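Numbering (this note's numbering), first residue to last: 158 to 623.
Glycine is no exception: its CB is placed at the ideal position from the N, C-alpha and C atoms.
Just so it is clear, the structure is predicted and the values come from calculations on it, not from any experiment.
These notes concern the structure reproduced below.
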């Protein structure tokens with residue numbers, strides 16, 4: 158019986174490796190060398206691939222395909238000048254070889270010249286009937302260029318050529334998502350499933366699109382079909398669990414998360430979701446158990462540490478909450494969410510100096526959320542450092558110039574700092590932004606009643622608004 162291509166390739170690789178171990182020299186067809194080189198390059202064994210190219214060209218000095226593989230290695234090693242020179246030589250021999258254009262495009266792409274890469278790949282399309290790989294490369298170039306519409310069309314062509322090309326199918330959905338065209342994605346996937354009704358990947362992606370649109374019942378149906386198509390598809394069980402959580406069906410959600418653990422090694426994400434469900438059900442001991450497993454499984458998962466910290470905070474056990482958030486900070490001290498959580502806990506424990514430091518770290522690491530500025534300024538207010546609290550709010554207003562809460566608080570702090578005119582100016586700005594939040598100012602800073610100018614300003618404003 159004749160050997161199939163895979164068996165031939167395996168025999169060639171075995172024969173080649175035997176040759177390398179001896180002083181013997183064996184002869185191979187050029188096609189055999191191509192198989193050997195592809196095997197090594199695809200396995201990441203670049204040195205062996207280069208050795209095979211060298212010997213191959215010694216035996217077949219005019220083999221165009223071997224020289225193109227040599228170009229591929231040169232491009233991989235960023236030796237663009239040598240690669241371009243060799244491509245020029247090859248183009249003189251065969252000006253219509255699409256692989257020459259593909260390799261030139263690869264060089265342009267690696268040098269961030271994506272428009273030129275696009276032009277070269279378009280030229281390559283004119284020289285071949287087998288355009289599948291070229292459309293995949295075009296799709297990637299368009300992704301580099303943030304041209305998601307054209308990328309989507311290129312990957313759709315790939316799926317047309319090969320309906321089992323799930324990598325391109327994922328990329329099509331990714332483009333729809335980035336364009337926020339969820340309805341388009343749903344329509345495309347439903348059309349795809351008309352022709353491929355047992356494709357678990359498409360059902361899974363369709364379920365995610367329905368979930369993004371809050372179409373939870375439709376999402377459940379899609380994930381059920383994904384599971385019917387492949388009853389070991391972990392992603393479908395996990396996503397189905399998330400939908401059931403949204404619907405408040407926590408016990409059913411837990412069952413689906415537990416299936417993912419039974420099929421494969423447990424993941425921190427599954428433990429976290431199970432813990433969240435048990436917390437919602439009031440099963441505090443079980444929730445704690447799964448949260449501990451979450452951080453044990455993946456100490457770098459910030460959601461795990463935040464969940465176990467929030468769990469203890471909710472119970473009013475701020476000492477334990479502080480212990481766990483500090484463990485998280487010791488693991489990843491560059492995470493602003495950890496520092497923000499620590500700041501809130503220190504504030505609850507009335508350790509205001511540590512809260513001030515933690516808020517500073519939070520901002521230095523890039524967290525500029527509104528409540529960060531508000532709570533940091535309140536910490537400094539309670540310390541009695543009104544000047545620093547004012548500076549914090551001034552920074553916050555740079556990020557939220559139309560947020561009245563910042564202006565009301567800033568007005569009150571100017572008042573407490575003895576800067577009456579600045580307090581009046583900021584109060585007026587706050588009223589113009591949102592007069593309905595005036596009650597926040599009046600409740601937090603009742604001392605304004607002692608200052609006639611502020612009382613008159615508020616009285617006049619209330620009269621004008623009635």
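For residue j and residue i, believed in contact at Cβ under 8 angstroms, the rounded distance
i: residue 536; j: residue 516; result: 6 angstroms
i: residue 305; j: residue 336; result: 5 angstroms
i: residue 187; j: residue 222; result: 7 angstroms
i: residue 497; j: residue 464; result: Their Cβ separation, rounded to whole angstroms, is 15 angstroms, which puts residue 497 and residue 464 out of contact at 8 angstroms.
i: residue 190; j: residue 206; result: With 8 angstroms as the limit, residue 190 and residue 206 do not qualify as a contact, their Cβ atoms being about 10 angstroms apart.
i: residue 502; j: residue 534; result: With a Cβ gap of about 18 angstroms, residue 502 and residue 534 do not count as contacting.
i: residue 574; j: residue 543; result: 4 angstroms
i: residue 240; j: residue 264; result: 6 angstroms
i: residue 443; j: residue 407; result: Actually they are not in contact, since the Cβ atoms of residue 443 and residue 407 sit about 11 angstroms apart, beyond 8 angstroms.
i: residue 276; j: residue 295; result: Their Cβ separation, rounded to whole angstroms, is 11 angstroms, which puts residue 276 and residue 295 out of contact at 8 angstroms.
i: residue 411; j: residue 431; result: 6 angstroms
Cα-Cα separation, residue i to residue j
i: residue 523; j: residue 341; result: 35 angstroms
i: residue 591; j: residue 494; result: 30 angstroms
i: residue 315; j: residue 285; result: 15 angstroms
i: residue 259; j: residue 313; result: 20 angstroms
i: residue 173; j: residue 261; result: 30 angstroms
i: residue 371; j: residue 343; result: 13 angstroms
i: residue 226; j: residue 270; result: 22 angstroms
i: residue 378; j: residue 415; result: 19 angstroms
i: residue 603; j: residue 529; result: 24 angstroms
i: residue 435; j: residue 351; result: 39 angstroms
i: residue 353; j: residue 244; result: 42 angstroms
i: residue 375; j: residue 400; result: 10 angstroms
i: residue 472; j: residue 572; result: 37 angstroms
i: residue 248; j: residue 311; result: 27 angstroms
i: residue 300; j: residue 506; result: 49 angstroms
i: residue 606; j: residue 546; result: 22 angstroms
i: residue 291; j: residue 257; result: 12 angstroms
i: residue 484; j: residue 499; result: 11 angstroms
i: residue 429; j: residue 368; result: 20 angstroms
i: residue 566; j: residue 426; result: 40 angstroms
i: residue 307; j: residue 364; result: 25 angstroms
i: residue 613; j: residue 585; result: 12 angstroms
i: residue 540; j: residue 504; result: 11 angstroms
i: residue 492; j: residue 466; result: 15 angstroms
i: residue 481; j: residue 449; result: 10 angstroms
i: residue 446; j: residue 490; result: 25 angstroms
i: residue 600; j: residue 518; result: 30 angstroms
i: residue 203; j: residue 234; result: 10 angstroms
i: residue 532; j: residue 556; result: 15 angstroms
i: residue 587; j: residue 324; result: 52 angstroms
i: residue 511; j: residue 475; result: 14 angstroms
i: residue 338; j: residue 330; result: 9 angstroms
i: residue 554; j: residue 560; result: 7 angstroms
Selection from the options that minimises the alpha carbon distance to residue i
i: residue 596; options: 508, 569, 402; result: 569
i: residue 232; options: 213, 266, 307, 254; result: 266
i: residue 552; options: 527, 197, 331; result: 527
i: residue 360; options: 371, 333, 326; result: 326
i: residue 397; options: 418, 387, 386, 373; result: 373
i: residue 610; options: 600, 594, 579, 587; result: 579
i: residue 641; options: 220, 571, 532, 615; result: Residue 641 cannot be examined here, being either before or after the span of the chain that is shown, 158 to 623.
i: residue 381; options: 370, 453, 362; result: 362
i: residue 451; options: 435, 462, 583, 263; result: 462
i: residue 384; options: 264, 417, 402, 368; result: 417
i: residue 509; options: 538, 391, 492; result: 538
i: residue 356; options: 329, 366, 322; result: 322
i: residue 334; options: 589, 354, 366; result: 366
i: residue 169; options: 209, 202, 199; result: 209
i: residue 349; options: 500, 560, 318; result: 318
i: residue 641; options: 272, 237, 459, 521; result: Outside the shown range of the chain, which is 158 to 623, sits residue 641, and nothing can be said about it.
i: residue 393; options: 558, 198, 224, 420; result: 420
i: residue 593; options: 308, 309, 302, 562; result: 562
i: residue 487; options: 196, 615, 459, 347; result: 459
i: residue 302; options: 324, 332, 283; result: 332
i: residue 558; options: 532, 525, 576, 577; result: 525
i: residue 514; options: 617, 387, 549; result: 549
i: residue 253; options: 235, 275, 282, 268; result: 282
i: residue 386; options: 405, 358, 615; result: 358
i: residue 453; options: 468, 477, 475, 423; result: 423
i: residue 211; options: 199, 228, 200; result: 228
i: residue 238; options: 268, 218, 181; result: 268
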